[in-house]
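A.B. asks: Take this structure first; my questions come after.
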DNA sequence: ATAGGGGTTCCTGTAACTGGAAGGTCAAGA
DNA sequence: TCTTGACCTTCCAGTTACAGGAACCCCTAT
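Chains as they are written, first to last, in this note's numbering: chain L, 1 to 134; chain U, 1001 to 1134.
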């Protein structure tokens, strides 16, 4: 199967699949015309990577997870450690975004959003609010 | 004041301040020795940018917000529109991260995380779960 | 003179691709 | 046979918002 077929199956852009080959995540065979030829194992690998990426794992995480997947003697603890670390990062990001959301939400709510120039959002951005201690 | 002083005041790295000058967000004067010389207006601008960045606004958003700040005839609606758009992006990101968190949380919970090789996390990544329709 | 702690520019690298140019390949149709 | 169109190839540049580091200049104190 050619790259276009694989793109349809895995729902990864062909560009992305070429990139994954570039960085050594997959290693499809080549036909005489230099076209990449993918087998079932390649498809499975790319699916695996796609799903890991959609869970937010970095490319290097994906590489590590793939290696663990292919090591039938791995300890599940090794996999879980990667997952837990990633979960912690996700939690941090969620917390940061929620803090932004709250702060900006307050500013935005207090802004009339009309034709007048008075704008609490700009005022809020223009002063260093030192609500904490003094 | 030199760049180091401004870095301390605004809590932005000197590298970042130079970068902001590169892309035209600020335009400090220069001394004879080529050192950047910042005035109060520069400091205020950088503080403004820093606070906007900490709320997650992109650099281009910051540029637009600064322009609006300096346009005393702006309509607050223009500012609010940028803020609301950004809030919507934040909400999308939070939702995405929460979905990841949930999915990965389930996988991770079901993994023993011990010396044995059996790992629901890897199994989950290796199959395309088609829970939705058929 | 020297040491240190500033400052300067310029180049490279980051993450994970995406877009586009220039060109080869293949199957179908006139 | 020629052409059209959809494939495929490689390679280079751009994205975001900086950070790291090299090579070098400036200033002050000792």
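Ideal placement from N, C-alpha and C gives every residue a C-beta, glycine not left out.
Just so we're clear, the structure is a prediction, and the values are computed from it rather than from any experiment.
Work out the CA separation of residue 1046 (chain U) and residue 1134 (chain U) for me, nearest whole Å.
C.D. replies: Below a pLDDT of 50, predicted positions are generally treated as unreliable, and residue 1134 (chain U), at 28, falls in that range; the measurement from the model is reported next regardless. Roughly 54 Å between the two C-alpha positions.
A.B. asks: Taking residue 1017 (chain U) and residue 1009 (chain U) to be in contact with their CB atoms under 8 Å, please state how far apart those CB atoms are, rounded to whole angstroms.
C.D. replies: About 11 Å; that fails the 8 Å criterion.
A.B. asks: What does the alpha-carbon distance come out to for the pair residue 100 (chain L) and residue 1054 (chain U)?
C.D. replies: Their Cα atoms are separated by approximately 8 Å.
A.B. asks: Can you tell me which of the three DSSP states residue 52 (chain L) falls into?
C.D. replies: Correct three-state label for residue 52 (chain L): helix.
A.B. asks: Residues of chain U with CB under 7 Å from residue 48 (chain L), in chain order?
C.D. replies: Neighbours of residue 48 (chain L) on chain U, chain order: 1125 and 1126.
A.B. asks: Shortest alpha-carbon distance to residue 30 (chain L) belongs to which of L:23, L:39 and L:96?
C.D. replies: When each option's Cα is compared against that of residue 30 (chain L), the closest is L:39.
A.B. asks: Taking contact to mean 3 or more Cβ pairs, one atom from each stretch, closer than 8 Å, check whether the region 1076 to 1084 of chain U and the region 113 to 122 of chain L are in contact.
C.D. replies: Touching, yes.
A.B. asks: Let's see if you can read the secondary structure: which residues bound the alpha helix (DSSP H) around residue 1011 (chain U)?
C.D. replies: Run containing residue 1011 (chain U): none; DSSP gives neither H nor E here.
A.B. asks: Use the C-beta contact count for residue 1073 (chain U): other C-beta atoms within 10 angstroms, 16 or more gives buried, fewer gives exposed.
C.D. replies: Classification for residue 1073 (chain U): exposed.
A.B. asks: Express the C-alpha separation of residue 1107 (chain U) and residue 75 (chain L) in angstroms, rounding to a whole number.
C.D. replies: Roughly 16 Å between the two C-alpha positions.
A.B. asks: Give me whichever residues DSSP pairs with residue 1030 (chain U) in a beta bridge.
C.D. replies: Paired residues: U:1036.
A.B. asks: Could you work out which residue in U:1063, U:1056, U:1064 and U:1125 is closest to residue 1089 (chain U) when comparing CA atoms only?
C.D. replies: Among U:1063, U:1056, U:1064 and U:1125, the Cα nearest to that of residue 1089 (chain U) belongs to U:1056.
A.B. asks: How many Å lie between residue 97 (chain L) and residue 1051 (chain U) at the Cα?
C.D. replies: Approximately 14 Å between the Cα atoms of the pair.
A.B. asks: Classify residue 20 (chain L): buried if its beta carbon has 16 or more other beta carbons within 10 angstroms, exposed otherwise.
C.D. replies: Residue 20 (chain L) comes out buried.
A.B. asks: I want to see whether chain L comes within less than 8 Å of residue 1007 (chain U), judged by CB atoms only; does it?
C.D. replies: No, because no Cβ of chain L sits closer than 8 Å to the Cβ of residue 1007 (chain U).
A.B. asks: Taking Cβ positions, are residue 79 (chain L) and residue 1122 (chain U) nearer each other than 8 Å?
C.D. replies: For residue 79 (chain L) and residue 1122 (chain U), yes; Cβs fall inside 8 Å.
A.B. asks: So with CB distances below 9 Å, who are the chain U contacts of residue 74 (chain L)?
C.D. replies: Under the 9 Å cutoff, chain U gives 1117, 1119 and 1122.
A.B. asks: List, in chain order, every chain U residue whose beta-carbon is nearer than 8 Å to that of residue 91 (chain L).
C.D. replies: Within chain U, the residues near residue 91 (chain L) are 1101.
A.B. asks: Excluding the 5 residues preceding and the 5 following residue 1132 (chain U) in the sequence, name in chain order all residues of the same chain whose CB lies nearer than 7 Å to its CB.
C.D. replies: Since pLDDT at residue 1132 (chain U) reaches only 45, below the 50 mark, its modelled position is unreliable, and no value is offered.
A.B. asks: Pick from U:1014, U:1013 and U:1042: whose alpha carbon is nearest that of residue 1027 (chain U)?
C.D. replies: Of the candidates U:1014, U:1013 and U:1042, the one whose C-alpha sits nearest the C-alpha of residue 1027 (chain U) is U:1042.
A.B. asks: Among U:1036, U:1066, U:1077 and U:1037, which has the Cα closest to the Cα of residue 1025 (chain U)?
C.D. replies: Residue 1025 (chain U) has its Cα closest to that of U:1066, out of U:1036, U:1066, U:1077 and U:1037.
A.B. asks: Show which residues of chain U have a CB atom less than 7 Å away from the CB atom of residue 69 (chain L).
C.D. replies: What residue 69 (chain L) touches in chain U: 1122 and 1126.
A.B. asks: Where are the alpha helix (DSSP H) runs, 4 residues long or more, that stay fully inside the region 1052 to 1101 of chain U, in chain order?
C.D. replies: You should have 1059 to 1070.
A.B. asks: Report the rounded CA-to-CA distance for residue 91 (chain L) versus residue 1091 (chain U), giving the unit in angstroms.
C.D. replies: Roughly 15 Å separates the two Cα atoms.
A.B. asks: Looking at chain L, is there any beta carbon in it that lies within less than 8 Å of the beta carbon of residue 1055 (chain U)?
C.D. replies: Answer yes: the Cβ-Cβ gap between residue 1055 (chain U) and chain L drops below 8 Å somewhere.
A.B. asks: Taking CB distances under 8 Å as the criterion, tell me whether residue 1051 (chain U) reaches chain L.
C.D. replies: Yes - at least one Cβ of chain L is within 8 Å of the one on residue 1051 (chain U).
A.B. asks: Ignore the nearest five residues each way along the sequence and tell me which others in residue 1012 (chain U)'s own chain have a CB closer than 7 Å to its CB.
C.D. replies: Closer than 7 Å at the Cβ level, and outside the excluded window around residue 1012 (chain U), lie 1046 and 1050.
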